[in-house]
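Undergrad: Numbering follows our numbering, with no gaps: position 424 of the sequence shown is 1223. Okay, handing you the structure first.
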Amino acid sequence: MNRLLFFIFLLLTLGAGAQTFRPNQQVTPDESTLAIQYYQDGDYEKAVVLLEKLYAIPNNEAYFDIYFNTLLKLKRYDVAEKVVKKEIKKSPQSELYPIALGKLYQEKGDAQAAGKIFNDVIAKLPKEEFKIRNLANSFYRFENYDFAVLTFKQGRKLLGNDQAFVFELLNIYRFKKDKPMLMQEYLDAMATMPQLLPQAEAVLSTIFEDKNDYQTFQAAILKKIQKEPDAEIYIQLLTWNYIQQQEFDMALRQLIAFDKRTKADGGTLFNAIYTFVDNGAYETAIKAYEYLLTKGKDNQYYLQSKIEMLNTKYNLRTNGKYAVADLDLLAKDYEALLEENGKNRNTLFAIKKLANLQAYYLNQPAKAEKELENAIKMPGINDMELGQLKLDLGDIYILTNQPWEAFLVYEQVSKQFEGQPVGNEARFRSAKLSFYQGNFEYSNGQCLVLKAATSQLIANDALNLSLLISDNIQTPADSNALKMYADAEMLLFRNLPEKAVKKMDSIAVAFPQNSLADAIMMSKARIFIKQNDFQKAADILKKVTEEFKDGIWTDDALFTLGDLYEKKLNDIAQAKIYFQKLITDYPGSMFSAEARKRFRNLRGDGV
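Okay, structure coming up:
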């Protein structure tokens, strides 16, 4: 039996039994706890002395399991047999003690005698769900998982219900890591219980070890599809299986075939595309949207597909190293969409994406400035949308060398949305602008205000910037080094990473004793991540965690490493290591709660 589950059960039962009978017996209050501790520690000789005493108390059968198992551990089979046969005489209707006797025979090597007892008990099962569960649980208590499975399967026959005991069987198969039976049980259950899909995906991903497991499952799913070609749940499961193997085009092929075969409206495919995008399979996602567009303008997913296709192209073209010609064509696509549908609140997303392309990729910040200034004047935009537009416009004012205009916009938004996330974001951008300009004291003052922000991310960023400034303005040399770093960060803001790296590398030459090494490493790691050079980023982040254990960026580096190994480098074991280190070594970090959640998910908890 799983030891943790066993002892939870044991403590509950012992609590009830001990409280009832101890007052009249010569048993100290700590003996029960001590006996359990000895058992857990594997000190069975000490445990058995106390357990024999506890078990001898009249009506204290709650100690039977642990006492009996201790005797088996010590191979005192004769004593164990006397104990269990005595209980059988006292409770002839109970199935627990015959199962314990069978377990004893198993331990002695008499599998035939044990099998006869187990099969006889199962053969006597009545057509009662409660008793079926009780018998299976009794087998489980004595680690006879195969007979627990047989009990549930016999129960299905007796009840005439192939869907009975699904969750119980899934738990046993998962505990045993019986991959073939776990796959089959999920496949059989999902025809009538499609809500199991998320659980199946989560559980199977934790126990599948390599591509062979996914291919075995794939073959089983395809057999189900052959029998039930119109069952959407199996198409969803097959899509997931292909995605786990990074076979995105195969997943798309199945989805399109299903859509055509069932003459569907494209809904299943449309919903699946988000998974492609989340996994960075942008090319596959674009093909999927192109297929949906062939259904014509009357299809309910037409306009949304057109919009999402442009957004996916945006992600693809701006991801990693980009070609200006490709982005110029993308800008023309956004312009065509705006011309076709007009500039209004419904197309605000396109205006913002177009302005972003113009400002940061096509060297056309003046055009972007005009786009956003016109957008601010459009009717029907709510206050929150207007506030965000102004923040974006403030950023572009920096690019067009109008820092004072940017400062005024940030201040306007921070006052209008005082204490709200968009207001805090405005104040932080103002602090960053002052940092770029070398006005460190004002920037630090703004950051100190933001440390109490309700947005944890803004508060953390403000704290980091404040510490960075405070640690590097102690001497004129420190301040000059920090000014060079601020210049490099400004180049990153302008989307000029190569120039930024050169500036950062020159800091150590000009100021050999500077204390900005970890901040520079973090900036370089972010550049490599944006360029899709994930291994280089990971190598730098590891240095941060190893060389700056007390640094302001270390928890950030640990979380980013865990995220990279989980999502980009496909090394779950390493991801767990870095999430665990963050949880253990930096419990006060803003990342610790999310790291704990991610770690538990990777470990398979709660699924």
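Heads up, the beta-carbon is just placed ideally off N, CA and C, and yes, glycines get one too.
How big is the Cα-Cα spacing for Asn1110 and Ser1278?
TA: Cα to Cα, the separation comes out at about 42 Å.
Undergrad: Starting from Arg932, follow the alpha helix (DSSP H) in both directions and report where the run begins and ends.
TA: Glu928 to Arg940 is the extent of the alpha helix (DSSP H) around Arg932.
Undergrad: Taking the continuous alpha helix (DSSP H) assigned at Ile856, which residues delimit it?
TA: Careful: Ile856 lies outside any alpha helix (DSSP H) and carries neither H nor E.
Undergrad: Please state if the CB of Met1183 and the CB of Arg1144 are separated by a distance shorter than 9 Å.
TA: No, they are not a contact pair.
Undergrad: Please determine, among Tyr1284, Gly1361, Phe1358 and Leu1091, the residue with the shortest C-alpha to C-alpha distance to Lys1323.
TA: Of the candidates Tyr1284, Gly1361, Phe1358 and Leu1091, the one whose C-alpha sits nearest the C-alpha of Lys1323 is Tyr1284.
Undergrad: I need the DSSP call for Gln824, collapsed to helix, strand or coil.
TA: In this prediction, Gln824 scores a pLDDT of 47, lower than 50, which makes its location untrustworthy; the coordinate-derived value is nonetheless stated afterwards. Coil.
Undergrad: Let's test the definition: count the other Cβ atoms within 10 Å of the Cβ of Pro1311 and tell me whether it reaches 16, buried, or not, exposed.
TA: Counting Cβ neighbours within 10 Å, Pro1311 comes out exposed, since fewer than 16 surround it.
Undergrad: Label Tyr1073 either buried or exposed according to how many other C-beta atoms from any shown protein chain fall within 10 Å of its C-beta, with 16 as the threshold for buried.
TA: Answer is exposed; the Cβ neighbour count stays below 16.
Undergrad: What does the alpha-carbon distance come out to for the pair Asn1400 and Thr1359?
TA: Looking at the two C-alpha atoms, the distance is approximately 17 Å.
Undergrad: Going along the chain, which unbroken runs of the alpha helix (DSSP H) with 4 or more residues stay wholly within the region 1254–1316?
TA: As far as the region 1254–1316 is concerned, its whole alpha helix (DSSP H) runs of at least 4 residues are 1255–1270, 1275–1292 and 1296–1309.
Undergrad: I need the straight-line Cα distance from Asn1173 to Tyr1133, nearest angstrom please.
TA: Rounded to the nearest angstrom, the two C-alpha atoms are 16 Å apart.
Undergrad: Assuming Met1321 and Lys1342 are in contact, meaning their beta carbons sit under 8 Å apart, how far apart are those beta carbons, in whole angstroms?
TA: That pair is no contact at about 10 Å.
Undergrad: In its own chain, which residues sit with a C-beta less than 7 Å from the C-beta of Phe1227, not counting the 5 before and 5 after it?
TA: Around Phe1227: Leu1249, Ile1257, Asp1260 and Ala1261.
Undergrad: Can you tell me whether Ala1252 is helix, strand or coil according to DSSP?
TA: Ala1252: coil per DSSP, three-state reduction.
Undergrad: Closest by CA to Ala922, which one among Leu957, Asp945 and Tyr896?
TA: For Ala922, the nearest C-alpha among the options comes from Leu957.
Undergrad: Output the boundary residues of the alpha helix (DSSP H) element that contains Tyr1235.
TA: Its alpha helix (DSSP H) spans residues Pro1220 to Tyr1235.
Undergrad: What separation, rounded to the nearest whole angstrom, lies between the Cα atoms of Asn858 and Asn868?
TA: Approximately 19 Å between the Cα atoms of the pair.
Undergrad: For Asn1140, which of Ser1004, Tyr1209, Leu1102 and Glu1204 has the nearest alpha-carbon?
TA: If we check each option's Cα against that of Asn1140, Leu1102 comes out closest.
Undergrad: May I ask which residues mark the beginning and end of the alpha helix (DSSP H) holding Met1177?
TA: Note, Met1177: premise wrong, no alpha helix (DSSP H); not H, not E.
Undergrad: Applying the 10 Å Cβ sphere with the 16-neighbour rule, what's the burial state of Thr1146?
TA: Flag for Thr1146 reads buried.
Undergrad: Please confirm whether Lys978 and Ile1006 have their CB atoms less than 9 Å apart.
TA: Yes, these two residues count as a Cβ contact at 9 Å.
Undergrad: Would you list, in sequence order, the uninterrupted beta strand (DSSP E) runs of no fewer than 3 residues that lie entirely inside the region 1321–1376?
TA: Those beta strand (DSSP E) runs which fall completely within the region 1321–1376 and span 3+ residues do not exist here.
Undergrad: Give the DSSP-derived three-state secondary structure of Asn1243 in the structure shown.
TA: Helix at Asn1243.
Undergrad: Take the Cβ of Thr950 as the centre, count every other Cβ of all protein chains shown within 10 Å, and call the residue buried at 16 or more, exposed below.
TA: Thr950 comes out buried.
Undergrad: Assuming Met1049 and Gln1255 are in contact, meaning their beta carbons sit under 8 Å apart, how far apart are those beta carbons, in whole angstroms?
TA: Not a contact, Cβ separation roughly 40 Å.
Undergrad: Could you spell out where the alpha helix (DSSP H) holding Glu886 opens and where it closes?
TA: Unbroken alpha helix (DSSP H) run through Glu886: Tyr876 to Lys889.
Undergrad: Between the Cα of Lys1231 and those of Ala1001, Asp1064, Asp1194 and Arg1402, spot the shortest distance and give me the residue it belongs to.
TA: Nearest C-alpha to Lys1231: Asp1194.
Undergrad: Counting beta carbon pairs with one atom in the region 1367–1385 and one in the region 1088–1098, are three or more of them shorter than 8 Å?
TA: Because the criterion of three Cβ pairs below 8 Å is not met, the region 1088–1098 and the region 1367–1385 do not touch.
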